[in-house]
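Scroll down for the structure; my scribbles are underneath it.
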Amino acid sequence: MTDRTGITHPPLSPLVWTIAAFLIAAAPHLAAMPAALAGIVILLSMWRITSGWFQWSPIPGWLRILITLALIVLVVMAYGGLWGRRFATGLLCVMLAAKSMEMYQARDLRMVASVCFFLIATQFLFNESLPYLVYLAGGCWAATIALIQIQQIPAMQRAHSGAGMQIQRRSLNQAATLLALALPVALALFVLFPRLAQPLWGLPDEMLDGRTGLSDSMSPGAISELFLDDSPAFRAEFDDQPPPYHQRYWRGPVLWRFDGSTWRTTQFANARGRQSVPITESSLHYRIQLEPHERRWLLGLDYPARSSMPESTITVDHQLLSRHPVTTLSQYEVISTPDFVPDAELTQSERLLATYLPPESNPRTRALAGEMRARHPEDRDLIEAILQMFHDEFSYSLSTAPLGRHGADEFLFDLKDGYCEYYASAFAVLMRAVGIPTRVVTGYQGGFWSEAGGYLLVRQSDAHAWNEVWLEGTGWVRVDPTAAVSPLRISQGSRSVIERERALFEFDWMFELRNRYDRVQHLWNQWVLGFDAERQRWMLERLGLPRLGATGIGLLMIATVILIAIPIALWLLREQHRTARSEAEKAWLRLLRHLRRRRFRKRAAETPLEFALRIEPELGSTGAGLVQLALNYNRVHYGPEDPELTRKFIANATAWRSTGTRAKSGNPMT
Amino acid sequence: MTEILSREWQDDSSVAALARARAAVNGVILDKAEIVDLAFSALLAGGHLLIEDLPGVGKTTLANAMSLAIGGQLQRIQFTNDMLPADILGISVFKRETEEFEFRPGPIFANVVLADEINRATPRTQSALLEAMAEGQITVDGQTLALPQPFFVIATQNPLDLVGTYPLPDSQLDRFLLRTHIGYPSQQEERRLLIEPDRRDLLADMQAELDPGQVQNLIAAAAQLHVSEPVLDYIQALIKATRKHAGLRAGLSPRASLALIQTARAYAFVNQQSFCSPDSVKAVFPALASHRLQPIPETGIASEDVVSEILETTAVP
Numbered sequence: 033m034t035d036r037t038g039i040t041h042p043p044l045s046p047l048v049w050t051i052a053a054f055l056i057a058a059a060p061h062l063a064a065m066p067a068a069l070a071g072i073v074i075l076l077s078m079w080r081i082t083s084g085w086f087q088w089s090p091i092p093g094w095l096r097i098l099i100t101l102a103l104i105v106l107v108v109m110a111y112g113g114l115w116g117r118r119f120a121t122g123l124l125c126v127m128l129a130a131k132s133m134e135m136y137q138a139r140d141l142r143m144v145a146s147v148c149f150f151l152i153a154t155q156f157l158f159n160e161s162l163p164y165l166v167y168l169a170g171g172c173w174a175a176t177i178a179l180i181q182i183q184q185i186p187a188m189q190r191a192h193s194g195a196g197m198q199i200q201r202r203s204l205n206q207a208a209t210l211l212a213l214a215l216p217v218a219l220a221l222f223v224l225f226p227r228l229a230q231p232l233w234g235l236p237d238e239m240l241d242g243r244t245g246l247s248d249s250m251s252p253g254a255i256s257e258l259f260l261d262d263s264p265a266f267r268a269e270f271d272d273q274p275p276p277y278h279q280r281y282w283r284g285p286v287l288w289r290f291d292g293s294t295w296r297t298t299q300f301a302n303a304r305g306r307q308s309v310p311i312t313e314s315s316l317h318y319r320i321q322l323e324p325h326e327r328r329w330l331l332g333l334d335y336p337a338r339s340s341m342p343e344s345t346i347t348v349d350h351q352l353l354s355r356h357p358v359t360t361l362s363q364y365e366v367i368s369t370p371d372f373v374p375d376a377e378l379t380q381s382e383r384l385l386a387t388y389l390p391p392e393s394n395p396r397t398r399a400l401a402g403e404m405r406a407r408h409p410e411d412r413d414l415i416e417a418i419l420q421m422f423h424d425e426f427s428y429s430l431s432t433a434p435l436g437r438h439g440a441d442e443f444l445f446d447l448k449d450g451y452c453e454y455y456a457s458a459f460a461v462l463m464r465a466v467g468i469p470t471r472v473v474t475g476y477q478g479g480f481w482s483e484a485g486g487y488l489l490v491r492q493s494d495a496h497a498w499n500e501v502w503l504e505g506t507g508w509v510r511v512d513p514t515a516a517v518s519p520l521r522i523s524q525g526s527r528s529v530i531e532r533e534r535a536l537f538e539f540d541w542m543f544e545l546r547n548r549y550d551r552v553q554h555l556w557n558q559w560v561l562g563f564d565a566e567r568q569r570w571m572l573e574r575l576g577l578p579r580l581g582a583t584g585i586g587l588l589m590i591a592t593v594i595l596i597a598i599p600i601a602l603w604l605l606r607e608q609h610r611t612a613r614s615e616a617e618k619a620w621l622r623l624l625r626h627l628r629r630r631r632f633r634k635r636a637a638e639t640p641l642e643f644a645l646r647i648e649p650e651l652g653s654t655g656a657g658l659v660q661l662a663l664n665y666n667r668v669h670y671g672p673e674d675p676e677l678t679r680k681f682i683a684n685a686t687a688w689r690s691t692g693t694r695a696k697s698g699n700p701m702t
Numbered sequence: 035m036t037e038i039l040s041r042e043w044q045d046d047s048s049v050a051a052l053a054r055a056r057a058a059v060n061g062v063i064l065d066k067a068e069i070v071d072l073a074f075s076a077l078l079a080g081g082h083l084l085i086e087d088l089p090g091v092g093k094t095t096l097a098n099a100m101s102l103a104i105g106g107q108l109q110r111i112q113f114t115n116d117m118l119p120a121d122i123l124g125i126s127v128f129k130r131e132t133e134e135f136e137f138r139p140g141p142i143f144a145n146v147v148l149a150d151e152i153n154r155a156t157p158r159t160q161s162a163l164l165e166a167m168a169e170g171q172i173t174v175d176g177q178t179l180a181l182p183q184p185f186f187v188i189a190t191q192n193p194l195d196l197v198g199t200y201p202l203p204d205s206q207l208d209r210f211l212l213r214t215h216i217g218y219p220s221q222q223e224e225r226r227l228l229i230e231p232d233r234r235d236l237l238a239d240m241q242a243e244l245d246p247g248q249v250q251n252l253i254a255a256a257a258q259l260h261v262s263e264p265v266l267d268y269i270q271a272l273i274k275a276t277r278k279h280a281g282l283r284a285g286l287s288p289r290a291s292l293a294l295i296q297t298a299r300a301y302a303f304v305n306q307q308s309f310c311s312p313d314s315v316k317a318v319f320p321a322l323a324s325h326r327l328q329p330i331p332e333t334g335i336a337s338e339d340v341v342s343e344i345l346e347t348t349a350v351p
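Chains A and B, in that order, are what the protein sequence lines are.
Once you know that position 153 of the first sequence is 185 in the working numbering, the rest is easy, because the numbers rise by one and skip nothing.
Once you know that position 56 of the second sequence is 90 in the working numbering, the rest is easy, because the numbers rise by one and skip nothing.
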């Protein structure tokens, strides 16, 4: 097993397991890495396995250092700096792969296998969902198997054999047992670790990778992938039945400013609202579990009156805003009053902003608006007429066509086909053209009611845009032009409308399965990810424990872990503690305990005589007579019963123990 | 050993004769007291002994010495590949005078049979011997003939990978109570071997220390030896470990566990103990178990390694 350079190759099996554990732990990171770096990591790992198989000489030390330095430079260049979660984990992956170049001794393997556990944990910085947990538990298993086999390297080398099927099977079982034994302790640590009100980390400067979601601007034709994204946006639990479909308008960013093609939010509207929404009989009480989206808006039904989220505000245009970007799963309660009509009065600046159109834009739309205005002097009639026009002449589809400078013109006169953003935008332009204050509201509409789970699931694909029109003497009134075109969209959700376009790869049973799976995810969010200080306190109170501070909970945690660990430890050590069958055995076990204190331990598989023969020379003068004692014990323990001999043996054993101790204390030098 | 046999056996002449026989064999076979003890244990447990090793390490010398020391009728069969069962069992010859067939007994009719290089014979011939070993009798021409008692076979065989060998089938290996290896002598003992008189001369000078009647007595005495509960537990734990071991095709049979307890008793008796201790069980277990166990081939582990692993991991009660 030793090659010319004097390096001993480890047996193949622990090496393969270590690298497998590393690759499993690194795979999710690799997927998010620049492809070249991921390629290098995989290449280095594969090289190490191949060189282990063919017993190649290791790479010389100077070259290893050179490669490592080059890799560090490469990583820094690839991530463009020394900061961020992605950079740190990327560097860790690449360096571990580089470490494999010098992985020849058991301690190198052990180091890599141990760091794999840390690498696994870092994945939760990016994704905390249930499938990942299952996947990464598999990673932990692999790393544990690797550690167990690394422990057996000396034995494998002695036997001049690799690991047979039997060793594989045994280490698989052992690793599973170890993880299973660790589970109760891990649970106790999870439940009882003192929680902080705020998460320890969360880097708001970095956007979550490629996550779709609402944005603070809207240019029709630009973001239709949102409607194909079935990932959950949030879930809402209602105390009673959920509101009817046509009331489920979840308010997100409100867009006021329009430059001819893009709608944007406005800063002034983010100020705290001047008018508080009253809470009435018809108000809805519900709880939202919001997936992280890295922005500040919290979603609520029209019109949110109050929320339990600390430091949240309700703005002038009735958005619910959090003080910090939502970087972790957030749970909060909201009270909304659906039949409230806000803002009977409009300030001058609001009126200006809500009626502004860039000059010269969309001339045909302006002309059409003027024409229709002439026929319908009443605001409500005009709105009615426009909706009727949409209903008669337009159709709903998810096909996108990027619009040019006169977006509304192109849409109203040429395209006549589109989805909510086109309608909301065109409608607002028509209204503003005749001086009616109008704004675009984005958010979500609808949601899937999970009867079994008792909650409403709102997906990204439920994203929607609608309008609010300010009517003299009334206030802001919601108008949803998309509903006029495609009433189905509002009454049954976007899915029913776009069915045709996705039917190629979507089936009902898949949809059903996703809904069922979401329930599991919901419980996971609620009880694991959302297990915060609040829930911890609630749970402890349920258990009849008084209010404990962080220190109290910490002590409780330590006590619980000890309480759980004791039976496990006893079970693991069960073979060491046997109950004596006879007086003679008791005396013998006392003798063994005495010797154990003097660092002489009898192996379970040793017979009394073998043990005595092994350690008598080591004991020196203090050990004299031990073999004789063992022979006597053999006689009384394994021979026919003889009370006389038994009594003699017990007396001898006791005497031997005391002389042994005396001799030891009398001659501290020996 | 301090604990000698209980009084009723201490004065028995056959016990003293056994000790002398053991000493005599140890005088010829240097430095292999363990192997000699195993050989006598096989005898006293009423079984047969298979010695497997390379040519020239003293297999035949040991077998010769054993058979000479035990006494009684001694026969030696050198196995070759052209041997027929009749060469072992005997043959019926037509006698002209009486006009009848008369059976001429073969070399198997003896108290001690030394079967040299047993795996050089064809399986057919091997099985003739092995049937006799199992039954203690032979059947020729429809006639069943009992073999003399005691009947003790010492067989030697070459390692299986040598040229010109027919491996014994598993079922027939089982007929041998113990299988043991001899191994090379130590430096010191090899020097003695070189300067001392020829082993063949020593053998020629050997005389029988026991007679068949004494051997029968000793076998009966060994079977009476006390086996305590903890030792029974230990034996059962070892047997169970072979059955649970993932690297083995199958564990030891109940026949093997009976053989284990008998052999452990015999070993203790040979060592003049009045009871059977776990040390005796440990001493005989490798020779008893390793030829009865087949490891799963893919593991690449020898059955000897599995057996020592089991001994190293099974707790002694």
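Beta carbons are placed, not taken as given, at the ideal position from N, Cα and C, and that holds for glycine.
None of the values given here were measured: they were computed from a predicted structure.
- Distance from the Cα of A:L330 is smallest, within the candidate group A:H356, A:V472, A:Y388 and A:S315, for A:H356.
- Looking at A:Y451, A:A102, A:F300 and A:E673, the one whose alpha-carbon comes closest to that of A:M127 is A:A102.
- In this structure A:A484 does not touch A:R569 by the C-beta definition: roughly 28 Å separates them, more than the 8 Å allowed.
- The criterion of a C-beta distance shorter than 7 Å is satisfied by B:N251 and B:S48.
- A:W481 is a Cβ neighbour of A:P274, given a cutoff of 7 Å.
- Put simply, the CB of A:Y670 is near chain B, with a gap under 7 Å to one of its CB atoms.
- Ranked by Cα distance from B:Q307, the first of A:L663, A:W688 and A:V466 is A:L663.
- Judged by DSSP in its simplified three-state form, B:Q258 adopts coil rather than helix or strand.
- Listed along the chain, the chain B residues whose CB falls inside 8 Å of the CB of A:A52 amount to none; the nearest CB is some 21 Å away.
- For A:H496, the uninterrupted beta strand (DSSP E) segment begins and ends at A495 to L503.
- Three or more beta-carbon pairs separated by less than 8 Å link the segment 134–154 of chain A to the segment 49–62 of chain A, which places the two stretches in contact.
- The Cβ atoms of A:P285 and A:T298 lie no closer than 7 Å to each other.
- According to DSSP, A:E269 shares a beta bridge with A:R319 and A:Y487.
- Under the Cβ criterion of 7 Å, A:Q273 is not counted among the residues facing chain B.
- The DSSP-derived three-state label of B:S287 is coil.
- For A:Y364, the enclosing beta strand (DSSP E) starts and ends at S362 to S368.
- Listed in chain order, the positions of the segment 619–639 of chain A with a beta carbon within less than 7 Å of a beta carbon of chain B are A636, A637, E638 and T639.
- In the structure shown, A:W508 adopts extended strand secondary structure according to DSSP, grouped into three states.
- A:Q87 and A:Q321 do not touch by the CB rule: their CB atoms are close to 55 Å apart, not below 8 Å.
- At a cut-off of 7 Å between beta carbons, B:A349 contacts chain A.
- In the same chain as B:D175, and ignoring 5 residues on each side of it, the C-beta atoms closer than 8 Å to its own belong to S126, F135 and F137, in chain order.
- For A:L572, not one C-beta of chain B is nearer than 7 Å to its own C-beta.
- Shown in chain order are the members of the segment 243–265 of chain B whose Cβ falls below 9 Å from a Cβ of chain A: H260, V261, S262, E263, P264 and V265.
- By the rule that beta-carbons nearer than 7 Å mark a contact, B:S311 touches chain A.
- The beta-bridge partner set that DSSP reports for B:M100 is empty.
- Contact residues of the segment 316–327 of chain B toward chain A are K316 (C-beta to C-beta distance below 9 Å).
- Residue pairing by DSSP places B:K129 opposite B:E134 in a beta bridge.
- Judged by DSSP secondary structure, B:E86 falls within the beta strand (DSSP E) whose first and last residues are L83 to E86.
- Contact of B:E346 with chain A is assigned, a C-beta pair being separated by under 7 Å.
- Flagged as an interface residue toward chain B: A:N666, by a C-beta distance shorter than 7 Å.
- Straight-line spacing of the CA atoms in A:E453 and A:T474 works out to 9 Å.
- Within chain B, no C-beta atom comes nearer than 9 Å to that of A:L595; the closest sits roughly 29 Å away.
- As the crow flies, the alpha-carbon of B:Q206 is around 37 Å from that of A:R667.
- A distance below 7 Å between beta-carbons, with the five flanking residues on each side excluded, links B:K66 to the following residues of its chain, in chain order: I216.
- Membership of A:V286 in any alpha helix (DSSP H) is not indicated; the residue belongs instead to the beta strand (DSSP E) covering Y281 to L287.
- Excluding residues up to 5 positions away in sequence, D411 and V509 lie with their Cβ nearer than 6 Å to the Cβ of A:L503 in the same chain.
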